[in-house]
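**Student:** Take a look at the following structure, please.
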Amino acid sequence: MAVKGTVFDFSESEGDWFEFFESRIDLENAAIIYDKPISGTGRARFRSTIPFIQEFTEKREAEKQHEFVLNSKSRAMERVEWFPGLSVTAQKQYMDDMLDYAITGLERFFDAEGNALECTRENKLKLAKVPVFDRYMARCLELQANASTQRKEVAEKNSKKP
(Lines of atoms letter the chains of each structure in order from A and count residues from 1; the text may use other names and numbers.)
(Lines give C-alpha, C1' and ligand atoms only; values in the text may rest on other atoms or scores of the structure.)
Protein backbone atom coordinates (compact mmCIF):
# COMPACT_ATOMS: atom_id res chain seq x y z
CA MET A 1 0.00 0.00 0.00
CA ALA A 2 1.41 3.39 -0.98
CA VAL A 3 1.63 5.92 1.83
CA LYS A 4 0.91 9.53 0.96
CA GLY A 5 2.24 12.25 3.23
CA THR A 6 5.18 12.39 5.57
CA VAL A 7 6.44 9.27 7.35
CA PHE A 8 8.40 9.52 10.59
CA ASP A 9 10.43 6.71 12.11
CA PHE A 10 10.11 7.01 15.90
CA SER A 11 12.88 4.54 16.63
CA GLU A 12 15.86 6.21 18.28
CA SER A 13 18.14 7.73 15.66
CA GLU A 14 21.86 7.22 15.75
CA GLY A 15 22.21 10.75 14.37
CA ASP A 16 23.56 12.46 11.28
CA TRP A 17 27.05 12.31 9.80
CA PHE A 18 29.04 15.54 9.39
CA GLU A 19 32.34 15.96 7.54
CA PHE A 20 34.93 17.62 9.77
CA PHE A 21 35.59 21.31 9.25
CA GLU A 22 38.10 23.64 10.82
CA SER A 23 37.14 26.72 12.77
CA ARG A 24 38.91 29.65 14.33
CA ILE A 25 38.02 32.64 16.45
CA ASP A 26 38.28 36.12 14.93
CA LEU A 27 39.95 38.04 17.74
CA GLU A 28 38.69 41.41 16.50
CA ASN A 29 35.01 40.65 17.07
CA ALA A 30 35.17 37.30 18.95
CA ALA A 31 33.16 35.60 16.18
CA ILE A 32 33.74 31.96 15.29
CA ILE A 33 34.61 31.45 11.64
CA TYR A 34 33.80 28.02 10.21
CA ASP A 35 35.61 26.69 7.14
CA LYS A 36 33.86 24.51 4.58
CA PRO A 37 34.13 20.74 5.13
CA ILE A 38 36.87 19.05 3.14
CA SER A 39 35.90 15.73 1.61
CA GLY A 40 37.99 12.80 2.79
CA THR A 41 38.76 14.23 6.22
CA GLY A 42 37.33 12.80 9.39
CA ARG A 43 33.63 12.70 9.99
CA ALA A 44 31.51 12.25 13.06
CA ARG A 45 27.92 11.28 13.74
CA PHE A 46 25.98 13.34 16.26
CA ARG A 47 22.47 12.99 17.65
CA SER A 48 20.31 15.47 19.48
CA THR A 49 20.81 15.64 23.24
CA ILE A 50 17.14 16.49 23.88
CA PRO A 51 16.08 12.87 24.63
CA PHE A 52 19.03 12.51 27.03
CA ILE A 53 18.11 15.71 28.88
CA GLN A 54 14.43 14.72 29.07
CA GLU A 55 15.30 11.29 30.49
CA PHE A 56 17.67 12.86 33.04
CA THR A 57 14.97 15.30 34.15
CA GLU A 58 12.40 12.51 34.47
CA LYS A 59 14.81 10.50 36.64
CA ARG A 60 15.37 13.52 38.90
CA GLU A 61 11.63 14.07 39.36
CA ALA A 62 11.74 11.85 42.47
CA GLU A 63 14.46 14.09 43.95
CA LYS A 64 12.31 17.20 43.64
CA GLN A 65 11.97 18.97 46.96
CA HIS A 66 9.18 21.20 48.12
CA GLU A 67 8.39 23.48 50.98
CA PHE A 68 5.52 25.71 52.03
CA VAL A 69 6.47 29.36 52.33
CA LEU A 70 4.52 32.42 53.32
CA ASN A 71 3.63 34.77 50.47
CA SER A 72 4.15 38.21 52.05
CA LYS A 73 1.60 39.91 49.77
CA SER A 74 -1.29 37.45 49.97
CA ARG A 75 -0.41 36.17 53.47
CA ALA A 76 -1.15 32.66 52.17
CA MET A 77 1.12 29.63 52.35
CA GLU A 78 2.34 28.54 48.92
CA ARG A 79 4.08 25.37 47.85
CA VAL A 80 7.47 25.99 46.21
CA GLU A 81 9.26 23.17 44.34
CA TRP A 82 12.89 22.88 43.22
CA PHE A 83 15.54 20.37 42.27
CA PRO A 84 18.47 20.17 44.67
CA GLY A 85 21.78 21.22 43.17
CA LEU A 86 24.12 18.60 41.77
CA SER A 87 27.53 18.07 43.30
CA VAL A 88 30.55 18.96 41.18
CA THR A 89 31.19 15.24 40.63
CA ALA A 90 27.58 14.64 39.56
CA GLN A 91 27.71 17.63 37.19
CA LYS A 92 30.89 16.29 35.56
CA GLN A 93 29.31 12.83 35.26
CA TYR A 94 26.19 14.34 33.65
CA MET A 95 28.25 16.31 31.09
CA ASP A 96 30.43 13.28 30.29
CA ASP A 97 27.34 11.08 29.87
CA MET A 98 25.74 13.67 27.56
CA LEU A 99 28.87 13.86 25.37
CA ASP A 100 28.99 10.07 25.22
CA TYR A 101 25.30 10.05 24.19
CA ALA A 102 25.64 12.84 21.57
CA ILE A 103 28.63 11.41 19.65
CA THR A 104 27.60 8.12 18.06
CA GLY A 105 30.23 7.60 15.39
CA LEU A 106 33.78 8.57 14.41
CA GLU A 107 35.49 7.86 11.11
CA ARG A 108 38.94 8.87 9.84
CA PHE A 109 40.02 10.58 13.09
CA PHE A 110 43.56 9.80 14.28
CA ASP A 111 45.72 10.50 17.32
CA ALA A 112 49.19 12.11 17.18
CA GLU A 113 50.84 8.73 16.46
CA GLY A 114 48.53 8.06 13.51
CA ASN A 115 46.37 5.45 15.27
CA ALA A 116 42.70 5.48 14.32
CA LEU A 117 40.40 6.74 17.07
CA GLU A 118 37.67 4.27 17.89
CA CYS A 119 34.29 5.61 18.95
CA THR A 120 34.77 4.88 22.66
CA ARG A 121 33.66 6.95 25.64
CA GLU A 122 37.29 7.69 26.51
CA ASN A 123 38.09 9.00 23.02
CA LYS A 124 34.88 11.04 22.83
CA LEU A 125 35.73 12.78 26.11
CA LYS A 126 39.31 13.44 24.95
CA LEU A 127 38.09 14.90 21.64
CA ALA A 128 35.58 17.15 23.41
CA LYS A 129 38.48 18.79 25.28
CA VAL A 130 40.09 19.84 21.97
CA PRO A 131 38.77 23.36 21.23
CA VAL A 132 38.46 22.92 17.45
CA PHE A 133 36.54 19.64 17.89
CA ASP A 134 34.35 21.19 20.59
CA ARG A 135 33.40 24.04 18.21
CA TYR A 136 32.81 21.51 15.41
CA MET A 137 30.53 19.42 17.61
CA ALA A 138 28.62 22.47 18.88
CA ARG A 139 28.09 23.72 15.31
CA CYS A 140 26.88 20.30 14.10
CA LEU A 141 24.37 20.05 16.96
CA GLU A 142 23.25 23.61 16.17
CA LEU A 143 22.78 22.71 12.49
CA GLN A 144 20.68 19.69 13.48
CA ALA A 145 18.50 21.78 15.78
CA ASN A 146 18.06 24.49 13.13
CA ALA A 147 17.17 21.93 10.46
CA SER A 148 14.41 20.46 12.59
CA THR A 149 13.09 23.95 13.38
CA GLN A 150 13.05 24.85 9.68
CA ARG A 151 11.20 21.61 8.85
CA LYS A 152 8.64 22.44 11.52
CA GLU A 153 8.15 25.98 10.13
CA VAL A 154 7.71 24.64 6.58
CA ALA A 155 5.20 22.07 7.82
CA GLU A 156 3.23 24.81 9.59
CA LYS A 157 3.22 27.00 6.46
CA ASN A 158 2.12 24.08 4.29
CA SER A 159 -0.69 23.17 6.67
CA LYS A 160 -2.10 26.72 6.44
CA LYS A 161 -2.49 26.56 2.66
CA PRO A 162 -6.07 25.85 1.49
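Going by numbering that gives the first Met the number 0, 29 is the number at position 30 of the sequence shown; the sequence numbering is gapless.
No residue lacks a Cβ here, since even glycine has one placed at the ideal position from N, Cα and C.
#1: For a quick check, are the C-beta atoms of ASP96 and PHE51 less than 9 Å apart?
#2: Going by C-alpha to C-alpha distance, which of LEU69, GLU80, SER47 sits closest to ALA61?
#3: Where are the alpha helix (DSSP H) runs, 4 residues long or more, that stay fully inside the stretch 10-85, in chain order?
#4: Checking the sheet assignment: what are the DSSP bridge partners for LEU140?
#5: Bridge partners of LEU105, per DSSP?
#6: Do GLY14 and ARG44 have their beta-carbon atoms positioned less than 9 Å apart in this structure?
#7: Throw me the rounded Cβ distance for the VAL129 and GLU21 pair, which I believe falls under 8 Å.
#8: Determine which residues share a DSSP beta bridge with ALA115 and list them.
**Tutor:** Taking the geometry as given:
#1: It is a contact, given that the beta carbons lie within the stated cut-off.
#2: Nearest of LEU69, GLU80, SER47 to ALA61, Cα basis: GLU80.
#3: Qualifying alpha helix (DSSP H) stretches, in chain order: 49-59.
#4: LEU140 pairs with nothing; no bridge assigned.
#5: In DSSP, LEU105 forms a bridge with ALA43.
#6: In this structure, ARG44 lies near GLY14, with their beta-carbon atoms less than 9 Å apart.
#7: Incorrect: roughly 12 Å between the Cβ atoms, too far for contact.
#8: Its beta-bridge partners are PHE109.
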